[in-house]
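**Q** Quick one: the structure is below, and I'll ask about it shortly.
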Amino acid sequence: MEKSPEEVNTELEAGQKHYSEEKFWTKLKRYGKKAGAAVIYTVLLLYFTLQNPEVPAKTKATIIGALGYFILPLDLIPDIAAGFGFTDDLGVLGIALLQAAMYINEDIKAKAKAKLAEWFGSNVDTSEIDKKI
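Numbering (numbering that gives the first Met the number 0), first residue to last: 0 to 132.
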């Protein structure tokens, strides 16, 4: 079911309250394998884009909201739900990724892929997400 822009904005605003660097890395370490490479690559792209000082505050707020929503332990579909627990997270992350796409350069992609390789190995296919940005 497609979310309205208002629903997405509400989720992003709620997520901003839950973002912290420590919570971010804790969630990735705990649920990274379960979430899957596509979700984690998206999260890492957003995280490394957030570190770029040239990214405008509005875009950073969107990224923080999406990462906060990812961190949020109780969201629309609980992350522990087998098979589809991260689908709502991916929707919110995808919207943030589209808004941040113009700031994602090859350096950011390389950092995200290097971190992704640590957890999933070097044979991870990121082409589907790379095509969207």
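Beta carbons: idealized from backbone N, C-alpha and C, even for Gly.
Using the rule of at least 16 other Cβ atoms within 10 Å of the residue's Cβ for burial, across every protein chain shown, is residue 97 buried or exposed?
**A** Within the sequence shown, the letter at position 98 stands for residue 97. Counting Cβ neighbours within 10 Å, residue 97 comes out exposed, since fewer than 16 surround it.
**Q** For residue 110, which residues from the same chain have a beta carbon less than 7 Å from its beta carbon, with the 5 sequence-adjacent residues on both sides left out?
**A** Working through the sequence shown from its first residue, we reach residue 110 at position 111. Once the five neighbours on either side are set aside, the close Cβ partners of residue 110 are 47.
**Q** Rounded to the nearest angstrom, what separates residue 43 and residue 130 at their Cα positions?
**A** By one-based count along the sequence shown, residue 43 stands at place 44. By one-based count along the sequence shown, residue 130 stands at place 131. Rounded to the nearest angstrom, the two C-alpha atoms are 16 Å apart.
**Q** Would the segment 93 to 107 count as touching the segment 20 to 29 if we require 3 or more Cβ pairs under 8 Å?
**A** By the Cβ criterion, the segment 93 to 107 is not in contact with the segment 20 to 29, since fewer than three pairs of Cβ atoms, one from each stretch, lie closer than 8 Å.
**Q** Do you know offhand how far residue 51's Cα is from residue 101's?
**A** Reading the sequence shown from its first residue, position 52 is the one you call residue 51. Reading the sequence shown from its first residue, position 102 is the one you call residue 101. Distance between the alpha carbons of residue 51 and residue 101 is about 12 Å.
**Q** Residue 25: buried (16+ other C-beta within 10 angstroms of its C-beta) or exposed?
**A** Locating residue 25 in the sequence shown gives position 26, counting from the first residue. Per the 10 Å Cβ criterion, exposed.
**Q** Tell me where the alpha helix (DSSP H) around residue 117 begins and ends.
**A** Residue numbering aside, residue 117 sits at position 118 when the sequence shown is read from its first letter. From DSSP, the alpha helix (DSSP H) with residue 117 extends over 105 to 119.
**Q** Using the Cα positions of residue 33 and residue 57, report the straight-line distance between them to the nearest angstrom.
**A** Counted from its first residue, the sequence shown places residue 33 at position 34. Counted from its first residue, the sequence shown places residue 57 at position 58. Their Cα atoms are separated by approximately 30 Å.
**Q** Just verifying my parser: in three-state terms, what is the DSSP assignment at residue 54?
**A** Here residue 54 corresponds to residue number 55 of the sequence shown, with the count starting at 1. Residue state, collapsed to three classes: coil.
**Q** When DSSP labels each residue in this structure, what does residue 18 get in the three-state scheme?
**A** As a position in the sequence shown, residue 18 is number 19, starting the count at 1. Correct three-state label for residue 18: coil.
**Q** Measure the alpha-carbon distance for residue 5 versus residue 121 and round it to whole angstroms.
**A** Locating residue 5 in the sequence shown gives position 6, where the first residue counts as 1. Locating residue 121 in the sequence shown gives position 122, where the first residue counts as 1. Rounded to the nearest angstrom, the two C-alpha atoms are 38 Å apart.
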